[in-house]
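> Below is the structure I would like to discuss, written out as structure tokens.
There are 2 protein chains.
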Amino acid sequence: MYMVFDDKFSDLGRSLEPSALTQIMNMITEDVISFSGGLPHPDSFPVEEVREMMEYVLTNEPVTALQYGSPRGNEKLIAFLAARSKDKEMKVTEKNFLITSGSQQALDLLARVFLDPEDEVIVESPTYLGALGPFKNQKAQLTEVPMDDNGVIPEELEKILQARRTENKQVKFIYLIPTFQNPTGVTLSLERRQKICSLASKFDVLVIEDDPYGELRYAGEKVPPLKVFDKTGHVIYLSTFSKIFSPGARMGWVTAHESIISKLVYLKESVDLHSSTFVQSIVYEYCRKNLLDQHIKDILPIYSVRRKAMLNALETHFIKDVTWTEPEGGFFLWATLPDHIDTKDLLVEAAKNRVAYVPGYAFYPGGQGQNTMRLSFSGVDESQIDEGIKRLAAVVSKEISK
Amino acid sequence: MYMVFDDKFSDLGRSLEPSALTQIMNMITEDVISFSGGLPHPDSFPVEEVREMMEYVLTNEPVTALQYGSPRGNEKLIAFLAARSKDKEMKVTEKNFLITSGSQQALDLLARVFLDPEDEVIVESPTYLGALGPFKNQKAQLTEVPMDDNGVIPEELEKILQARRTENKQVKFIYLIPTFQNPTGVTLSLERRQKICSLASKFDVLVIEDDPYGELRYAGEKVPPLKVFDKTGHVIYLSTFSKIFSPGARMGWVTAHESIISKLVYLKESVDLHSSTFVQSIVYEYCRKNLLDQHIKDILPIYSVRRKAMLNALETHFIKDVTWTEPEGGFFLWATLPDHIDTKDLLVEAAKNRVAYVPGYAFYPGGQGQNTMRLSFSGVDESQIDEGIKRLAAVVSKEISK
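Here it is in structure tokens:
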């Protein structure tokens, strides 16, 4: 598009453009079985509960729901979240909370509050695509730490932190999705969680723990959030109602040291005054009536069945030299194809055969991982999963045998 | 508060702190008659309509309302806004729209897309307090243009633009609230609107027209938005559902040249993915059922009565050497006291006498206007307005006679 006003944009404004991924994803049409999006399944939406809560809120607290609110968020909702976090053994009070418009906003606020151009951020390799935007908008330098099946490798992390200490350079923060990671589905082990918290304190470096999927475990043993092991306030915990209530609500929260929350609150006020009081009131009622835990129980089987269906389909249809992770929760698994396959090119073929995924390169700040892909099982009905994986296996098989 | 992690914040993070105004405003307790906030009156909230729309949305389009949506916003809502804007003689299509979480978010997005440190922004003197945050966060230089009873003075604006042209310097944009301005209540005259649009084209400078109150006219002749006279795409128009539906909804929109909208959409995606689809669905139903225009008709008398009550009370109780504007709409009027009165100090006395306002200095980037105050009539019942102004007059009178 011919851009008038090109001489007026800021550095950031000039740098903003549609990602290659967006362009690829536009190829995905209606009749495609898509394992690409990280969408909750519509069956998981608590429609009747929302109706009931809405009714309650409009009858009992219409003004709270419709008037301006405070930048920090609905006090009752915060009190609920604080109590729930304490139940999970986090050492926090209500002063450690900020309500955000989804975790995406938390990432943007944190990026702005901490990052100047050239500041270093350490991320898992691969990491959540949507975090790269806020970090890059602040012109951060992203350093990737390798992962294995137990998550990010603490020894590799320590090497980097030690090197920076020697160079007398600061790492602004480490960004991790420790549980059912997006994109790999991998979960950081208990030992590694403890080790990483020790490293954070020892090297005085902040850790952002992004935990959108933590409540969605379908197999294996529960592992506490990193924040539970945080004795020095170095862990900033993010979560969201997107996957356990509704993403359209755009409702999430930050749990962090009070001095960090203060800064975020001041910024939040100039960014959008506050998140919708309307939605906050409904979400609070939903929580207060204990519908949240019930809802989580209700949706676990939906996703559990899909995860199983995808793992089965992969076993059934996939060819040798293709490997994949076996996530114990969340929405995603990660497949690795033979080195010479480029999943970006392959997606064109896949789309022609009416199946889609996200090419792995999109999750690497450095753009590597050309032979990997993220497969999401959350948004596809189990009856379609087998067919989709079958189509994908045929496309992959054809490409491998070329 | 002792701030740990002080060595970690960005330049922006370090600069964020509670404003002096926030601290002053904290003095205002429950039993104070407060003319300070720009709050819509709760009686104006369409509670029953929201209930009805909610019911409709949850029955007919629960997935649209609860699932992720597009960064640009609900297509039907955008189509409605585009049609409505065309009815108002704006030359726009759906491509000229972005849905934002209130106009506050539009200001933040625009500031980020356009402003690098030291970039110049021209603002009315005084201007909307809440716009100063986003502009200052980008480290913009703010230049004030004087106003009179017909709004900002085009000749003064032209002088600045001419000077910059001579110096070969760029002004990034001019920020105006042309109709029922916050804080003064003043409306820019028709002739000046045309003149300012000509200046924008002639000097190739963007104008942000912030119009939250345009629909709330209680007296005088309607004047079209600046955007109507914009032939070259230089005017960026902002409005919001905050004052004509509910501020708690956090729902606003930007109308601008397509090349500007594109940049805002890319940024919006990394900022919060999109505004609540839940709220967008309800707001759209509200618009589609023609409840918006009906609602505006319903609320006009509420505010009209209050405006009249405040003007009457000022006539009745105020002493000579105090002057005030007579707004034809909106929420505010602006009072000017004798030069030697400092309204910041006076507020302490006022609060003791259980009445409050916002000291005028807060609306000047340069902090001048120490003898001015903003009085909001929107949030106070007319029965209380006379009593509040009486209390204020007593405090002012005492101070003047000191």
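Top to bottom, those sequences are chains A and B. Here the working numbering is used: the first residue of the first sequence is 906, the next is one more, and so on. Here the working numbering is used: the first residue of the second sequence is 906, the next is one more, and so on. Virtual Cβ for every residue (Gly too), placed ideally from N, Cα, C.
Looking at the structure shown, is isoleucine 1113 of chain B part of a helix, part of a strand, or coil, going by DSSP?
Counted from its first residue, the second sequence places residue 1113 of chain B at position 208. In this structure, isoleucine 1113 of chain B counts as strand in the three-state DSSP scheme.
> Between asparagine 1042 of chain A and alanine 1016 of chain A, is the Cβ-Cβ spacing less than 8 Å?
As a working note, residue 1042 of chain A is residue 137 in the first sequence. As a working note, residue 1016 of chain A is residue 111 in the first sequence. Contact flag set, yes.
> At 4 residues or longer, and completely inside the stretch 1152–1196 of chain A: list those alpha helix (DSSP H) runs for me, N to C.
Qualifying alpha helix (DSSP H) stretches, in chain order: 1163–1177, 1182–1193.
> For a cutoff of 8 Å on Cβ pairs, would you count methionine 995 of chain A as touching chain B?
Within the first sequence, residue 995 of chain A is the residue found at index 90, counting from 1. No, because no Cβ of chain B sits closer than 8 Å to the Cβ of methionine 995 of chain A.
> Is there a Cβ of chain C sitting closer than 8 Å to that of glutamate 1174 of chain B, yes or no?
Here chain C cannot be found, since the structure's protein chains are A and B.
> Can you list the residues of chain B that phenylalanine 910 of chain A reaches, using a CB-CB cut of under 8 Å?
Position 5 of the first sequence holds residue 910 of chain A. Residues of chain B passing the Cβ test: Leu1111, Gly1138, His1162, Ser1164, Ile1165.
> What's the gap between the Cα of arginine 977 of chain B and the Cα of serine 1288 of chain B?
Numbered from 1 along the second sequence, position 72 holds the residue referred to as residue 977 of chain B. Numbered from 1 along the second sequence, position 383 holds the residue referred to as residue 1288 of chain B. Those two C-alpha atoms are separated by around 44 Å.
> Using the beta-carbon of each residue, which ones in chain A are nearer than 8 Å to glutamine 1009 of chain B?
In the second sequence, the residue the question calls residue 1009 of chain B occupies position 104. Chain A residues near glutamine 1009 of chain B: Ser1175, Val1176, Asp1177, Leu1178.
> Whose C-alpha, out of A:Pro1129, A:Ser1008, A:Lys1136, is nearest the C-alpha of serine 1106 of chain A?
The residue labelled residue 1106 of chain A in the question sits at position 201 within the first sequence. Answer by Cα proximity: A:Lys1136.
> Cβ of alanine 970 of chain A less than 8 Å from any chain B Cβ?
What you label residue 970 of chain A is simply residue 65 of the first sequence in a count that begins at 1. Closer than 8 Å to some Cβ of chain B, the Cβ of alanine 970 of chain A qualifies, so yes.
> For phenylalanine 1146 of chain A, collect the residues of the same chain with a Cβ closer than 7 Å to its Cβ; drop the 5 residues on either side in sequence, then sort them by chain order.
Taking the first residue of the first sequence as position 1, residue 1146 of chain A is located at position 241. Same-chain partners within the cutoff: Ala1154, Met1156, Gly1157, Val1188.
> Closer than 7 Å by beta-carbon distance: list the chain A residues that pair up with leucine 1188 of chain B, in chain order.
Counting from 1 along the second sequence, the entry for residue 1188 of chain B is found at position 283. Checking the displayed sequence, the identity of residue 1188 of chain B turns out to be valine instead of leucine. Simply none; closest approach about 10 Å.
> Using a Cβ-Cβ cut-off of 6 Å (strictly less than) and excluding sequence neighbours within five positions of arginine 1212 of chain B, which residues of its own chain qualify?
Taking the second sequence and counting its residues from 1, one reaches residue 1212 of chain B at position 307. So the list reads Tyr1123, Phe1282, once near-sequence residues are dropped.
> Output needed in chain order: residues of the stretch 957–991 of chain A with a Cβ under 9 Å from some Cβ in chain B.
Answer in chain order: Met959, Glu960, Leu963, Thr964, Pro967, Val968, Thr969, Ala970, Leu971, Gln972, Tyr973, Gly974.
> Since glutamate 1114 of chain A and proline 1083 of chain A should fall inside the 8 Å C-beta cutoff, what is the C-beta to C-beta distance between them, to a whole number of angstroms?
Residue 1114 of chain A sits at position 209 when you count from the first residue of the first sequence. Residue 1083 of chain A sits at position 178 when you count from the first residue of the first sequence. The pair is a contact, with the Cβ atoms about 6 Å apart (cut-off 8 Å).
> Would threonine 934 of chain A be called buried (16 or more neighbouring beta carbons within 10 Å of its own) or exposed?
Residue 934 of chain A sits at position 29 when you count from the first residue of the first sequence. Exposed is the call here.
> Thinking serine 893 of chain B and threonine 1005 of chain B are a contact (beta carbons under 8 Å), I'd like their distance in whole angstroms, please.
Shown here, chain B extends from 906 to 1307; a query on residue 893 of chain B therefore has no answer.
> Hey, is valine 937 of chain A's beta-carbon within less than 8 Å of any beta-carbon in chain B?
For this step, residue 937 of chain A is matched to residue 32 along the first sequence. Not an interface residue.
> Measuring only the C-alpha atoms, how far is serine 905 of chain B from tyrosine 1269 of chain B?
Absent from the model: residue 905 of chain B. The displayed extent of chain B is 906 to 1307, so no value can be given.
> I'd like the list of long-range same chain contacts for glutamate 980 of chain A, defined as Cβ closer than 8 Å, with 5 residues on each side in sequence excluded.
Taking the first sequence and counting its residues from 1, one reaches residue 980 of chain A at position 75. Glu999, listed in sequence order.
> Under three-state DSSP, which class holds proline 1059 of chain A?
By one-based count along the first sequence, residue 1059 of chain A stands at place 154. Reduced to three states, the DSSP call for proline 1059 of chain A is helix.
> Going by Cα to Cα distance, which pick from A:Ser941, A:Arg956, A:Phe1223 is closest to phenylalanine 1183 of chain B?
Looking up residue 1183 of chain B in the second sequence gives position 278. Measuring from the Cα of phenylalanine 1183 of chain B, the nearest candidate turns out to be A:Arg956.
> Determine the burial state of serine 1144 of chain B: buried for a count of at least 16 other Cβ atoms within 10 Å of its Cβ, exposed for fewer.
For the purposes of this step, residue 1144 of chain B is identified with residue 239 of the second sequence, where counting begins at 1. Looking at its Cβ environment, which holds 16 or more other Cβ atoms inside 10 Å, serine 1144 of chain B is buried.
> With 16 other CB atoms within 10 Å as the buried threshold, where does lysine 1303 of chain B fall?
In the second sequence, residue 1303 of chain B corresponds to position 398, counting from 1. By the 10 Å Cβ count, lysine 1303 of chain B comes out exposed.
> Check this for me: beta carbons of isoleucine 1079 of chain A and isoleucine 1149 of chain A, under 8 Å apart or not?
Reading the first sequence from its first residue, position 174 is the one you call residue 1079 of chain A. Reading the first sequence from its first residue, position 244 is the one you call residue 1149 of chain A. The answer is no: Cβ separation not under 8 Å.
> So, under 8 Å CB-CB, alanine 1298 of chain A and phenylalanine 1223 of chain A are touching, yes? Tell me the CB distance rounded to an integer number of Å.
Against the first sequence, residue 1298 of chain A aligns to sequence position 393. Against the first sequence, residue 1223 of chain A aligns to sequence position 318. About 5 Å separates the two Cβ atoms, so the contact holds.
> Could you work out which residues of chain B lie near lysine 1194 of chain A, taking near to mean beta carbons separated by less than 7 Å?
In the first sequence, counting from the first residue as 1, residue 1194 of chain A sits at position 289. Result: empty, since nearest Cβ-Cβ is about 17 Å, beyond 7 Å.
> Please tell me whether glycine 1090 of chain B and phenylalanine 940 of chain B are closer than 8 Å, where the distance is taken between their beta carbons.
The sequence position of residue 1090 of chain B within the second sequence is 185, counting from 1. The sequence position of residue 940 of chain B within the second sequence is 35, counting from 1. Result no, Cβ atoms of glycine 1090 of chain B and phenylalanine 940 of chain B do not sit closer than 8 Å.
> Of all the CB atoms in chain B, is at least one closer than 8 Å to the CB of asparagine 1087 of chain A?
Locating residue 1087 of chain A in the first sequence gives position 182, counting from the first residue. Not closer than 8 Å to any Cβ of chain B, the Cβ of asparagine 1087 of chain A fails to qualify, so no.
> Have a look at B:Gly1125, B:Gly918, B:Glu1190, B:Pro1051 and flag the residue whose alpha-carbon is nearest the alpha-carbon of lysine 1044 of chain B.
Here residue 1044 of chain B refers to the residue found at position 139 of the second sequence. When each option's Cα is compared against that of lysine 1044 of chain B, the closest is B:Gly918.
> How many Å lie between tyrosine 1266 of chain A and serine 990 of chain A at the Cα?
Position 361 of the first sequence, counting from 1, holds the residue named residue 1266 of chain A. Position 85 of the first sequence, counting from 1, holds the residue named residue 990 of chain A. Whole-angstrom Cα-Cα distance: 35 Å.
> Quick one: residues in its chain with C-beta nearer than 6 Å to the C-beta of serine 1209 of chain B, no 5 flanking neighbours on either side, listed in chain order?
For the purposes of this step, residue 1209 of chain B is taken as the residue at position 304 of the second sequence. The answer, listed in chain order, is Tyr1123.
> In the DSSP assignment, what residue or residues form a beta bridge with leucine 1047 of chain B?
The residue labelled residue 1047 of chain B in the question sits at position 142 within the second sequence. Note: leucine 1047 of chain B sits in a beta bridge opposite B:Val1026.
> By Cβ distance, which residues of its chain are closer than 6 Å to leucine 971 of chain A, with the 5 residues on each side in sequence left out?
As a position in the first sequence, residue 971 of chain A is number 66, starting the count at 1. Around leucine 971 of chain A: no qualifying Cβ.
> Spatial neighbours of valine 1128 of chain A within its chain, please: CB distance less than 6 Å, with the 5 preceding and 5 following residues excluded, ordered by chain position.
Counted from its first residue, the first sequence places residue 1128 of chain A at position 223. For valine 1128 of chain A, where only same-chain residues beyond five positions count, the Cβ hits under 6 Å are Leu1095.
> Mind checking if phenylalanine 940 of chain A is an interface residue toward chain B, Cβ cutoff 8 Å exclusive?
Your numbering for residue 940 of chain A matches position 35 in the first sequence. With 8 Å as the cut-off, phenylalanine 940 of chain A does not count as an interface residue toward chain B.
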